[in-house]
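Protein chains in written order, with the numbering used here: chain A, 68 to 230; chain B, 68 to 230. Contents: one structure, followed by commentary.
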DNA sequence: TCTTTTTATGTAGTTGACTACGCAAATATA
DNA sequence: TATATTTGCGTAGTCAACTACATAAAAAGA
């Protein structure tokens, strides 16, 4: 960080933007990392890989709920993974509305290599965050600001001017 | 948060995605908040408003550096603010490459109202985060993961397999 | 059984970041 | 002074997330 960072000067008002900047920066770093290692996957795919490996085949909506994402986002990600040959998509035989996704043979073959990278990334993050209770803070943020949290809290403050 | 959140199960591996989810959620909440209050501004504009109010007129690149964003992003945001009548754009008389941006009369008129909202939002965030050293943690994240941080740390871990 | 409601998926359109590249003006250098 | 480099801005193209809406199948209810 440079010392002339205006967002930092804004205190708690700058919090959301700083959160976004860090998250965006890490995403872009992830993309650069993969491209430098010549690995043709994208950041965030790892969640789908891990999920399907752990739980087996799942439908679009099941995936969306498991990782708390809107279903169109899941469709977008998994379509790209399917195009890249990492996922297999099949109609559910008992419910023809559903589409069931699972890891392809290519995924099974490549996963060991990719998991090395993810483990290294995790270690790097862990080293920095272990002594700072970072996961605990993230949990609190999720509890307080997911869904209606931030808006409601602000409207509340606008009404009760006293505080 | 629901209890069946797979990303949470991933430990430090899920950290970046959880960061992104929270930051996205807060952004969307912000948009909903403004629309509910019938205010025609967008999340993140507040940083530009605050910056120009505090520092006076600035060029595109100066703004980008002050808030640590890529300059095309700043152009994108400030163009929309200009279209909405909140900013004035003028060529720098001494350097014709530069374009200098400043708050319009409309901004000056509306700012007191908007600042009430931002103050309320800040209070809401502050209430939740005060006892958790959240700003300190954000600073650490910025120090460690901005720019080349995350990629370099991961590559390092990939080499030194021992740790 | 026929109709209504719910569920699962998909598409379209919006927003907000980024990188890569191009162009023109200012500055530095030969 | 002429050329080369740097700087400032802008555009194009990419990607990820969201909401709103559409469609079709399944489930529920009359």
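Here a beta-carbon is modelled for each residue, glycine too, at the ideal position from N, C-alpha and C.
Across which residues does DSSP place residue 192 of chain A in a beta bridge pair?
The count along the first chain starts at 1 and reaches residue 192 of chain A at position 125. Answer by DSSP bridge pairing: none, since residue 192 of chain A is not bridged.
List the endpoints of the continuous beta strand (DSSP E) containing residue 169 of chain B.
If you number the second chain from 1, residue 169 of chain B lands on position 102. 166-170 is the extent of the beta strand (DSSP E) around residue 169 of chain B.
Quick check on the burial criterion: 16 or more other C-beta atoms within 10 angstroms. Buried or exposed for residue 161 of chain B?
The count along the second chain starts at 1 and reaches residue 161 of chain B at position 94. Under this definition residue 161 of chain B is an exposed residue.
Run through the DSSP bridge pairs and tell me what residue 154 of chain B is partnered with.
To locate residue 154 of chain B, count along the second chain from 1; it is residue 87. Beta-bridge pairing links residue 154 of chain B to B/170.
Answer with yes or no whether the minimum CB distance from residue 193 of chain A to chain B is below 7 Å.
For the purposes of this step, residue 193 of chain A is identified with residue 126 of the first chain, where counting begins at 1. It does; some Cβ of chain B falls within 7 Å.
Taking the straight line between their C-alpha atoms, what separation do you get for residue 106 of chain A and residue 212 of chain A?
Residue mapping note: residue 106 of chain A aligns to position 39 of the first chain, counting from 1. Residue mapping note: residue 212 of chain A aligns to position 145 of the first chain, counting from 1. Distance between the alpha carbons of residue 106 of chain A and residue 212 of chain A: 35 Å.
May I ask you to check if the CB of residue 189 of chain B is nearer than 6 Å to at least one heavy atom of the ligand MN?
As presented, the structure is devoid of all ligands, the ligand MN included, so that no description of it is given.
Quick check on residue 218 of chain B - is its C-beta less than 7 Å from some C-beta in chain A?
Taking the first residue of the second chain as 1, we reach residue 218 of chain B at position 151. Output row for residue 218 of chain B: interface = yes.
Taking 7 Å as the cut-off, decide whether the C-beta atoms of residue 115 of chain A and residue 74 of chain B are in contact.
Along the first chain, one-based indexing puts residue 115 of chain A at 48. Along the second chain, one-based indexing puts residue 74 of chain B at 7. Not closer than 7 Å, so no.
Can you give the Cα-Cα distance for residue 173 of chain A and residue 201 of chain B, rounded to whole angstroms?
As a position in the first chain, residue 173 of chain A is number 106, starting the count at 1. As a position in the second chain, residue 201 of chain B is number 134, starting the count at 1. Straight-line Cα distance between these residues: approximately 42 Å.
Give the DSSP bridge partners of residue 126 of chain A, in chain order.
Here residue 126 of chain A corresponds to residue number 59 of the first chain, with the count starting at 1. Note: residue 126 of chain A sits in a beta bridge opposite A/167.
Looking at the C-beta of residue 178 of chain A, does it have a partner C-beta in chain B at a distance below 7 Å?
The residue you call residue 178 of chain A lines up with position 111 of the first chain. So, not an interface residue.
From the DSSP output, in three-state form, read off residue 131 of chain B for me.
The residue you call residue 131 of chain B lines up with position 64 of the second chain. Helix at residue 131 of chain B.
Here's a check: name, in chain order, each residue in its chain whose Cβ is nearer than 8 Å to the Cβ of residue 167 of chain A, leaving out the five neighbours to either side.
Here residue 167 of chain A is taken as the residue at index 100 of the first chain, counted from 1. These residues qualify, in order along the chain: 124, 125, 126, 156, 157, 158 and 159.
With a 10 Å radius around its C-beta and 16 neighbouring C-beta atoms as the bar for buried, classify residue 175 of chain A as buried or exposed.
Position 108 of the first chain, counted from the first residue, corresponds to residue 175 of chain A. So residue 175 of chain A counts as exposed.
Quick one: is residue 92 of chain A buried, meaning 16 or more other Cβ sit within 10 Å of its Cβ, or exposed?
To locate residue 92 of chain A, count along the first chain from 1; it is residue 25. With 16 or more Cβ atoms within 10 Å of its Cβ, residue 92 of chain A is classed as buried.
May I ask you to verify whether the segment 137-148 of chain B touches the segment 188-197 of chain B, counting CB pairs closer than 8 Å and requiring at least 3?
In short, these stretches do not touch, since the Cβ pair count stays below three.
Is the beta carbon of residue 86 of chain A closer than 7 Å to that of residue 90 of chain B?
For the purposes of this step, residue 90 of chain B is taken as the residue at position 23 of the second chain. For the purposes of this step, residue 86 of chain A is taken as the residue at position 19 of the first chain. Yes, the Cβ-Cβ distance between residue 90 of chain B and residue 86 of chain A is below 7 Å.
Terminal residues of the continuous alpha helix (DSSP H) containing residue 91 of chain B?
For this step, residue 91 of chain B is matched to residue 24 along the second chain. 82-103 is the span of the alpha helix (DSSP H), which, as asked, contains residue 91 of chain B.
Can you pull the chain B residues whose beta carbon is under 7 Å from the beta carbon of residue 72 of chain A, in chain order?
Looking up residue 72 of chain A in the first chain gives position 5. Within 7 Å Cβ-Cβ: 135.
As a quick exercise: from A/140, A/198, A/132 and A/128, pick the residue whose alpha carbon is nearest that of residue 164 of chain A.
Along the first chain, read from residue 1 onward, the residue named residue 164 of chain A stands at position 97. With distances taken between Cα atoms, residue 164 of chain A lies closest to A/128.
Verify the CB distance criterion: does residue 119 of chain A have a CB-CB separation below 7 Å to chain B?
As a first step, residue 119 of chain A is located in the first chain; it is residue number 52 there, counting from the start. So no, residue 119 of chain A is outside the interface.
Does residue 141 of chain A get closer than 7 Å to chain B when you measure Cβ to Cβ?
Residue mapping note: residue 141 of chain A aligns to position 74 of the first chain, counting from 1. Answer no: the Cβ-Cβ gap between residue 141 of chain A and chain B never drops below 7 Å.
Report the option in B/109, B/199, B/226 and B/193 whose CA atom is closest to the CA atom of residue 79 of chain A.
For the purposes of this step, residue 79 of chain A is identified with residue 12 of the first chain, where counting begins at 1. Looking at the Cα atoms, B/193 is the closest of the given residues.
Can you find a C-beta in chain A that's less than 7 Å from the C-beta of residue 151 of chain B?
Residue 151 of chain B sits at position 84 when you count from the first residue of the second chain. Judged by the 7 Å Cβ criterion, residue 151 of chain B is not in contact with chain A.
With a cut-off of 7 Å, does the C-beta of residue 281 of chain A fall near any C-beta of chain B?
Shown here, chain A extends from 68 to 230; a query on residue 281 of chain A therefore has no answer.
According to DSSP, is residue 208 of chain A helix, strand or coil?
As a working note, residue 208 of chain A is residue 141 in the first chain. The answer is helix: DSSP assigns residue 208 of chain A an H, G or I state.
With distance defined between alpha-carbon atoms, name the residue in B/130, B/110 and B/226 nearest to residue 118 of chain B.
Numbered from its first residue, the second chain carries residue 118 of chain B at position 51. Selected option, being the one with the closest Cα: B/130.
At a Cβ threshold of 7 Å, is residue 68 of chain B touching chain A?
Position 1 of the second chain, counted from the first residue, corresponds to residue 68 of chain B. Residue placement at residue 68 of chain B is flagged as unreliable, the pLDDT there being 38, under the threshold of 50; the coordinate-derived value follows with that caveat. So yes, residue 68 of chain B belongs to the interface.
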